[in-house]
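In the UniProt record's numbering, the protein residues as written are 1 to 939. Just so it is clear, CB atoms sit at the ideal spot from N, CA and C, and this is done for glycine as well.
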């Protein structure tokens with residue numbers, strides 16, 4: 001269920017239901033379906049009164065279905081034949097109710113017996129206890145009650161008491177046919193009950209409801225009886241609202257949960273104490289006509305209705321007869337002053353104070369005054385002497401002012417703004433009506449002898465009221481003080497005891513945050529930090545150390561620099577602030593560092609914006625653990641990473657400052673005269689000079705990456721900073737870094753090193769394509785100035801490229817062949833790999849000759865079969881001799897021009913016999929001298 005906006009921006013409730021696709025057929029109608037927090041679902045059989053469980057699992061198995069019914073009222077064997085087994089009629093279960101928070105559920109039998117169970121293992125429940133003879137036990141608690149007779153005693157409903165309201169140990173309530181409520185403790189035995197007839201019924205003639213409900217908001221805490229041995233009764237009030245249709249089910253609309261308070265909980269739930277700090281309780285009632293929402297009327301709502309009713313008559317006596325006098329006067333004060341929770345229903349938003357009409361407010365104010373009575377002075381005489389002393393019994397006005405004030409003071413972090421608004425409304429009301437705690441002229445005429453005592457009583461009351469009003473003002477200021485802190489500190493403050501403030505580490509954090517708030521507020525009022533820190537050192541020295549004092553003076557220097565009209569004085573102030581901040585860098589948190597850097601940027605103070613974060617980076621990593629982690633190439637799962645991250649956050653502040661100054665550089669100083677800031681271009685240049693002059697190698701590496709990513713690599717090479725070469729060679733090695741490294745070596749006059757890096761790039765195990773690798777090798781040859789090793793690698797790469805071009809049309813072929821060709825384009829291979837993996841399996845004779853030529857490998861057992869095949873392929877069966885002769889000349893001439901005079905790839909001693917053999921076989925059809933002309937064509 002959620003709240004959505006409807007027509008005219010009015011909120012309405014919306015319910016969404018989701019299908020689970022879990023179903024099972026059964027011959028028995030199931031009622032009272034309840035669920036547990038662990039997923040168990042229990043229900044009651046309407047016809048047989050058995051306890052069933054809907055068991056479900058992810059998938060079906062050999063012995064069980066995905067969804068099936070388990071009968072817990074019979075044995076496991078009997079469970080296989082459910083139609084032949086059923087409990088006795090008097091033991092039939094008629095109701096089941098679950099208590100998920102206590103991990104148990106209850107059943108009610110036809111004989112008014114209540115049993116408690118716990119879901120134990122799969123398809124099993126644990127029976128904890130059963131209590132019977134409830135009518136007899138109840139009669140023992142209330143002898144002679146007409147509502148407790150065996151003939152009419154019948155429990156019709158069970159209800160769970162929530163953990164939040166069960167402060168007296170009650171966890172279950174049973175409601176009988178006559179409206180008697182039986183309360184059960186954790187031992188499952190009734191310890192008290194009350195009989196509450198409805199307003200329309202007298203005695204025990206109350207009609208039986210077909211559906212009942214319970215919520216803690218239906219109980220109020222009554223006044224304590226005079227007798228110490230008499231147990232206070234449980235008083236309940238009833239109302240009869242008309243709900244259309246037949247009621248099927250009822251539930252409480254959940255409220256936003258608040259964090260548990262550190263204050264002890266009261267022994268009894270008292271709605272009167274929370275009605276000014278919590279919204280009204282709401283209930284949902286599901287009927288066959290739809291869903292109805294009910295809002296429970298609080299005592300405050302009843303009182304407001306009574307005031308509106310008697311306003312026209314001008315008689316306020318029925319108001320005070322409404323309830324207990326003290327409770328009523330406290331509510332009258334809340335009505336008169338205003339409160340964010342005056343309206344029933346949805347709570348008011350923070351910032352909106354609910355008030356009533358002026359006429360009703362005046363009636364409430366007058367009733368508060370008239371029935372608040374007056375203070376009384378009591379004398380206490382000392383035996384044997386004439387000396388006496390006395391004390392004042394305060395009036396109801398003072399007592400109810402204190403009560404209402406205490407009830408408003410509910411300090412939880414989510415309610416601070418609302419609490420402060422309600423307290424401020426009370427303060428404003430009291431400031432406008434100071435006469436509420438003074439006697440009216442001529443009121444309460446008393447004998448002359450007692451006038452002195454009465455004056456003493458009024459004086460004591462007025463002093464007490466003044467103290468309460470001062471406490472009210474301090475409370476409002478304290479909330480403002482807390483709200484001035486950051487959210488994390490607010491949560492710490494609201495959840496902390498005074499002991500925690502003194503003894504815990506969180507107390508140190510909160511104390512420092514509170515002192516910072518004090519300093520900020522005082523500095524804003526142009527009060528000297530020296531004066532503030534002197535007072536703090538005297539009164540709370542442990543909360544304000546000398547280091548804190550140094551930082552406060554640094555912040556004051558920044559403030560004075562901002563206000564200064566003299567450029568020289570401004571620079572001096574900024575320099576002093578930087579010196580103090582740097583000295584106390586270990587005390588600065590990151591948010592404060594960022595704030596100070598922002599102020600330096602606005603003031604155009606490049607030195608501070610660069611040097612302060614660098615100093616803080618070192619102060620936050622005093623043992624260089626983060627630096628060691630960075631030097632170790634940032635291994636995973638290392639505790640030093642925390643310190644490395646702190647350094648990097650400080651470095652980011654420097655880079656941000658450089659970016660800000662760079663954006664300001666093209667602009668001219670917008671302020672002229674004595675208050676003009678330095679030339680932005682000069683500030684920008686000076687900031688970069690300071691950054692590059694740092695000796696922090698980790699910062700330099702971060703700075704270089706930042707500049708390279710912005711496309712400023714050429715400018716970086718021109719500057720030749722000290723750690724650039726080490727940065728580009730630092731692990732992990734990447735192609736972009738090596739691409740910059742070889743360029744750095746070229747510009748630094750180190751061609752051989754550039755060639756080495758290019759060769760490494762060409763042979764690297766990366767996704768570089770073959771043509772790019774060939775390009776790197778070509779550049780390497782150019783930089784190495786004909787270095788034999790590099791030239792040889794280039795020849796191999798060129799041979800590989802030629803093989804790749806021959807095989808590339810088959811790259812998308814299925815199977816292993818296509819995958820080989822794809823891999824071929826992403827790495828450099830050796831000559832042996834080219835021959836064995838590609839030339840031989842793919843049967844490429846020309847490629848084999850190329851490999852033999854480049855590698856200068858002489859092996860007649862390899863080269864002779866290649867040339868035999870070339871001649872065989874040139875001779876076409878069925879063709880005339882001249883045609884075949886032309887084919888041989890074309891093949892030999894082409895290969896001869898490419899490989900001659902390579903004896904490894906173009907061996908004349910093998911080619912010549914093959915040519916002579918062909919000529920002899922066709923001597924009658926070939927011209928004389930054909931063989932010499934074939935061998936001459938190779939050149």
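Enumerated in chain order, which unbroken segments of the beta strand (DSSP E) with a length of 3 residues or greater are wholly contained in the stretch 100–186? Scanning the stretch 100–186 for uninterrupted beta strand (DSSP E) segments of 3 residues or longer gives 104–109, 114–119, 125–131, 155–160, 172–176 and 180–184, listed from N- to C-terminal end.
Over the uninterrupted alpha helix (DSSP H) stretch that includes residue 286, give me the two end residues. From DSSP, residue 286 is part of no alpha helix (DSSP H) but of the beta strand (DSSP E) over 282–287.
Measuring alpha carbon to alpha carbon, tell me which of 633, 33, 48 and 54 ends up nearest residue 23. 54
Below 7 Å between beta carbons: does that hold for residue 461 and residue 375? yes
To which residues of the same chain is residue 662 closer than 7 Å at the C-beta, ignoring the five residues directly before and after it? 684
Among the candidates 470, 517 and 467, whose CA atom is the shortest distance from the CA of residue 489? 517
Mapping the DSSP letters down to three states, classify residue 608 as helix, strand or coil. helix
Is there contact here, the stretch 45–54 with the stretch 16–36, by at least three beta-carbon pairs under 8 Å? Yes: at least three Cβ pairs fall under 8 Å.
Determine the direct distance from the alpha carbon of residue 555 to that of residue 534, and round the result to whole angstroms. 16 Å
By the 10 Å Cβ neighbour count, where 16 or more other Cβ atoms means buried, how is residue 901 classified, buried or exposed? Classified as exposed, residue 901 has fewer than 16 neighbouring CB atoms from the shown chains inside 10 Å of its CB.
Following the continuous beta strand (DSSP E) through residue 709, name the residue where it begins and the one where it ends. Per DSSP, residue 709 lies in no beta strand (DSSP E); the unbroken alpha helix (DSSP H) holding it starts and ends at 697–709.
Which residue from 646, 610 and 553 puts its Cα closest to that of residue 619? 646
Is the stretch 36–47 touching the stretch 91–99, taking contact as three or more C-beta pairs under 8 Å? yes
If you drop the 5 nearest sequence neighbours on each side, which residues of the same chain put their C-beta closer than 8 Å to that of residue 373? So the list reads 395, 396 and 397, once near-sequence residues are dropped.
Is the beta carbon of residue 752 sitting closer than 7 Å to the one on residue 779? No; because the gap between Cβ atoms is not below 7 Å, this pair is not in contact.
Is there contact between the stretch 358–370 and the stretch 278–293, where contact requires at least three CB pairs shorter than 8 Å? no
What residue from 709, 698 and 708 has the CA that sits closest to residue 726's CA? The residue among 709, 698 and 708 with its C-alpha nearest the C-alpha of residue 726 is 698.
For residue 866 and residue 850, believed in contact at Cβ under 8 Å, the rounded distance: About 11 Å separates the beta carbon of residue 850 from that of residue 866, a gap too long to meet the 8 Å contact definition.
Give me whichever residues DSSP pairs with residue 68 in a beta bridge. 55
Could you name the residues that DSSP lists as bridge partners for residue 42? For residue 42, which the question treats as bridged, DSSP gives the partners 34 and 53.
Start and end residues, beta strand (DSSP E) containing residue 906: Segment: none, residue 906 is in no beta strand (DSSP E) and carries neither H nor E.
Where the alpha helix (DSSP H) containing residue 866 begins and where it ends: 860–874
Taking only three categories from DSSP, how would you classify residue 493? helix
Could you round the C-beta distance between residue 365 and residue 453 to whole angstroms and report it? I think they count as a contact, below 8 Å. The Cβ separation is near 28 Å, so there is no contact.
Tell me the DSSP secondary structure of residue 77 in three-state form. In this predicted model, residue 77 has a pLDDT of only 46, less than 50, meaning its place in the structure is not dependable enough to derive any value.
Since residue 96 sits in a beta bridge, which residues does DSSP pair it with? 107
Any idea which residues DSSP pairs residue 354 with across the strands? Answer by DSSP bridge pairing, in chain order: 339.
With 16 other CB atoms within 10 Å as the buried threshold, where does residue 176 fall? buried
If you count every other CB in all the chains shown that lies within 10 Å of the CB of residue 932, and 16 or more means buried, which is it? exposed
Counting C-beta neighbours from all protein chains within 10 Å, is the total for residue 281 16 or more, i.e. buried, or is it exposed? buried
Beta-carbon within less than 8 Å of residue 416's beta-carbon, same chain only, minus the 5 sequence neighbours each way: which residues are those? 479, 482, 483, 490 and 494
Using DSSP with H/G/I as helix, E/B as strand and the rest coil, what is residue 245? coil
From 627, 641, 598 and 405, residue whose alpha carbon lies closest to that of residue 659: 598
Are the beta-carbon atoms belonging to residue 125 and residue 110 less than 7 Å from one another? no
Name, in chain order, the residues that DSSP records as bridge partners for residue 334. Note: residue 334 sits in no beta bridge, so no partner.
Please say whether residue 355 and residue 338 have beta carbons closer to each other than 7 Å? yes
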